[in-house]
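Working notes, beginning with the structure itself.
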Amino acid sequence: MKATDGEGASHILELGGPGTYDRSLRSVASGGKIVQIGVLTGFGPKPDLARLQWENADIIGVTVGLSEHFSAMNRFLIDNAIHPIVDRVYGFDEVPEAYAYLRTGSHFGKVVVKL
62 MKATDGEGAS HILELGGPGT YDRSLRSVAS GGKIVQIGVL TGFGPKPDLA
112 RLQWENADII GVTVGLSEHF SAMNRFLIDN AIHPIVDRVY GFDEVPEAYA
162 YLRTGSHFGK VVVKL
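In structure tokens, the structure reads:
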């Protein structure tokens with residue numbers, strides 16, 4: 062909250078689980094979203110989700126699958142010569158321009174930031 066002058070974060074990537082969830086709940090902005098990607102600190106006590114209702118915020122769960130599935134998908138893409146369509150590539154120092162371009166909605170395919 063301090064980093065956002067009391068407004069809270071509009072998007073929070075929650076990776077930890079019970080060890081970090083309460084902090085994410087305390088940090089979410091009104092109308093914000095907590096995206097739960099993983100559970101790195103194990104399973105344990107359930108967080109108090111009342112703040113979500115007070116702030117009209119959401120939790121979105123993301124499941125990414127096993128690394129074996131990712132490897133199999135990549136083999137399939139290679140074996141079948143499937144390539145993503147890349148609209149534009151930006152350098153890391155051009156991230157604001159990349160986001161501005163995404164906001165126009167005029168892209169076709171991926172917008173890439175090269176690290």
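Residues in the sequence shown are numbered consecutively from 62, following the numbering used here. Note that the Cβ used here is the ideal one computed from N, Cα and C, for glycine as well. The model shown is predicted, which means the values in this text are computed figures rather than measured ones.
In this structure the region 110 to 117 lies against the region 86 to 95, because at least three pairs of beta carbons, one per stretch, are closer than 8 angstroms. Glu75 sits buried, since 16 or more C-beta atoms from the chains shown fall within 10 Å of its C-beta. Asp148 is positioned such that its CB atom lies closer than 7 angstroms to that of Phe169.
Under DSSP, Val150 shares a beta bridge with Val173. The C-alpha of His144 lies about 22 angstroms from the C-alpha of Leu127. Val123 carries a coil assignment under DSSP once its states are collapsed to helix, strand and coil.
Excluding five sequence positions before and after Ala159, the CB atoms of its chain that fall closer than 7 angstroms to its own CB belong to Tyr151, Val172 and Val174, given in chain order.
If you draw a straight line from the Cα of Pro106 to the Cα of Gly77, it is about 13 angstroms long. In the assembly as shown, Ala118 is a buried residue. Its beta-carbon has 16 or more other beta-carbons within 10 Å. Within the model, the alpha-carbon separation for Lys63 versus Ser91 is close to 15 angstroms.
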